[in-house]
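Everything on this sheet refers to the single structure shown next.
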Amino acid sequence: DAKTTQPNSMESNEEEPVHLPCNHSTISGTDYIHWYRQLPSQGPEYVIHGLTSNVNNRMASLAIAEDRKSSTLILHRATLRDAAVYYCILRETSGSRLTFGEGTQLTVNP
Amino acid sequence: GAGVSQSPSNKVTEKGKDVELRCDPISGHTALYWYRQSLGQGLEFLIYFQGNSAPDKSGLPSDRFSAERTGGSVSTLTIQRTQQEDSAVYLCASSLVSGRGELFFGEGSRLTVL
Numbered sequence: 008d009a010k011t012t013q014p015n016s017m018e019s020n021e022e023e024p025v026h027l028p029c030n031h032s033t034i035s036g037t038d039y040i041h042w043y044r045q046l047p048s049q050g051p052e053y054v055i056h057g058l059t060s061n062v063n064n065r066m067a068s069l070a071i072a073e074d075r076k077s078s079t080l081i082l083h084r085a086t087l088r089d090a091a092v093y094y095c096i097l098r099e100t101s102g103s104r105l106t107f108g109e110g111t112q113l114t115v116n117p
Numbered sequence: 002g003a004g005v006s007q008s009p010s011n012k013v014t015e016k017g018k019d020v021e022l023r024c025d026p027i028s029g030h031t032a033l034y035w036y037r038q039s040l041g042q043g044l045e046f047l048i049y050f051q052g053n054s055a056p057d058k059s060g061l062p063s064d065r066f067s068a069e070r071t072g073g074s075v076s077t078l079t080i081q082r083t084q085q086e087d088s089a090v091y092l093c094a095s096s097l098v099s100g101r102g103e104l105f106f107g108e109g110s111r112l113t114v115l
């Protein structure tokens, strides 16, 4: 399964936008880019996913590079509740094991 | 229930005992994953079930670990002769369609081996 690379940690201020990067240079043409986040003492929760085009939902936006070798999760206005570990993973269309990396620990300062 | 249900939520056992952890996926979800998360660590893949296909067991750490999925629904993860290093939160996730489908995670089963 293709690997993703994320910064270990990032910091943001409340009500400011946050851009969380992810590199996936070995992505294949059939891999979907998924983002999940894990709040303290909870199971991970789905945030957003996409294939080629940028995606928006009520939680976030996903910007995918034209060559698909990187993507950025955008939280438009960070809140204290957004403090979590954010994971970027690749899912094959046909389905397979999913490997989570270490993710990015996002700290939101009041 | 509407979500992925895991039981027990907490399990304390003595070293050497066997434990069973249960996962009830969302109805109709064909893909089911088990992960392990030790304190302060990331998610470690254990096993993956997809429909009637043979499961991908490549993440199971030893032959003391096994899992089954009956009738394409409920899954049980069994750990035999537990060791202290097995202490972790065991997370189950399911999805409707592989690849495109989002994963839904349960709250996990916290296992403590004394």
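Residue numbers (my numbering), protein chains in the order written: chain A, 8 to 117; chain B, 2 to 115. Glycine included, C-beta positions come from ideal geometry on N, C-alpha and C. Please read all numbers here as calculations on a predicted model, not as lab measurements.
Rounded straight-line distance, which links the Cα of residue j to that of residue i
i, j, result
"residue 82 (chain A)", "residue 64 (chain B)", "42 angstroms"
"residue 13 (chain B)", "residue 114 (chain B)", "6 angstroms"
"residue 23 (chain B)", "residue 73 (chain A)", "42 angstroms"
"residue 116 (chain B)", "residue 20 (chain A)", "Any question about residue 116 (chain B) goes unanswered here, given that chain B covers just 2 to 115."
"residue 96 (chain B)", "residue 104 (chain A)", "12 angstroms"
"residue 112 (chain A)", "residue 4 (chain B)", "26 angstroms"
"residue 99 (chain A)", "residue 10 (chain B)", "31 angstroms"
"residue 68 (chain A)", "residue 93 (chain B)", "26 angstroms"
"residue 43 (chain B)", "residue 92 (chain A)", "9 angstroms"
"residue 58 (chain B)", "residue 39 (chain B)", "19 angstroms"
"residue 117 (chain A)", "residue 106 (chain B)", "29 angstroms"
"residue 88 (chain A)", "residue 64 (chain A)", "17 angstroms"
"residue 14 (chain A)", "residue 94 (chain A)", "10 angstroms"
"residue 10 (chain A)", "residue 37 (chain A)", "14 angstroms"
Proximal residues to residue i (C-beta, below 6 angstroms), its chain only, five neighbours per side dropped
i, result
"residue 66 (chain B)", "80"
"residue 28 (chain A)", "79"
"residue 87 (chain B)", "80, 114"
"residue 39 (chain A)", "56, 58, 98"
"residue 16 (chain A)", "112"
"residue 41 (chain A)", "56, 96, 98"
Where residue i falls: helix, strand or coil (DSSP)
i, result
"residue 73 (chain B)", "helix"
"residue 85 (chain B)", "helix"
"residue 44 (chain B)", "coil"
"residue 65 (chain B)", "coil"
"residue 127 (chain A)", "Lying outside 8 to 117, the shown extent of chain A, residue 127 (chain A) is not represented and no answer is given."
"residue 105 (chain B)", "strand"
"residue 80 (chain B)", "strand"
"residue 50 (chain A)", "coil"
"residue 107 (chain A)", "coil"
"residue 22 (chain A)", "coil"
"residue 117 (chain A)", "coil"
"residue 34 (chain A)", "coil"
Proximal residues to residue i (C-beta, below 8 angstroms), its chain only, five neighbours per side dropped
i, result
"residue 85 (chain B)", "16, 114, 115"
"residue 23 (chain A)", "84, 85"
"residue 76 (chain A)", "30, 31, 32, 34"
DSSP bridge partner residues for residue i (one or two, in chain order)
i, result
"residue 63 (chain A)", "A:68"
"residue 25 (chain B)", "B:6"
"residue 19 (chain B)", "BP columns for residue 19 (chain B) are empty, so no partner."
Cβ-based neighbour list, residue i, same chain, cut-off 7 angstroms, excluding 5 preceding and 5 following
i, result
"residue 91 (chain B)", "22, 35, 37, 78, 109, 110, 112"
"residue 74 (chain B)", "26"
"residue 90 (chain A)", "113, 114, 115"
"residue 29 (chain B)", "97"
Between the segment 2-32 of chain B and chain A, which residues of the former have CB atoms less than 7 angstroms from a CB of the latter, in chain order?
Flagged, chain order: 32.
Anything in the segment 97-112 of chain B with a Cβ closer than 9 angstroms to a Cβ of chain A? List those residues in chain order, please.
98, 99, 100, 101, 102, 103, 104, 105, 106, 107, 108, 109
Residues of the segment 104-117 of chain A with Cβ closer than 7 angstroms to any Cβ of chain B, in chain order:
104, 105, 106, 107, 108, 109, 110
Got a sec: which bits of the segment 21-44 of chain A sit with their beta carbon under 9 angstroms from any beta carbon on chain B, in order along the chain?
37, 38, 39, 41, 43
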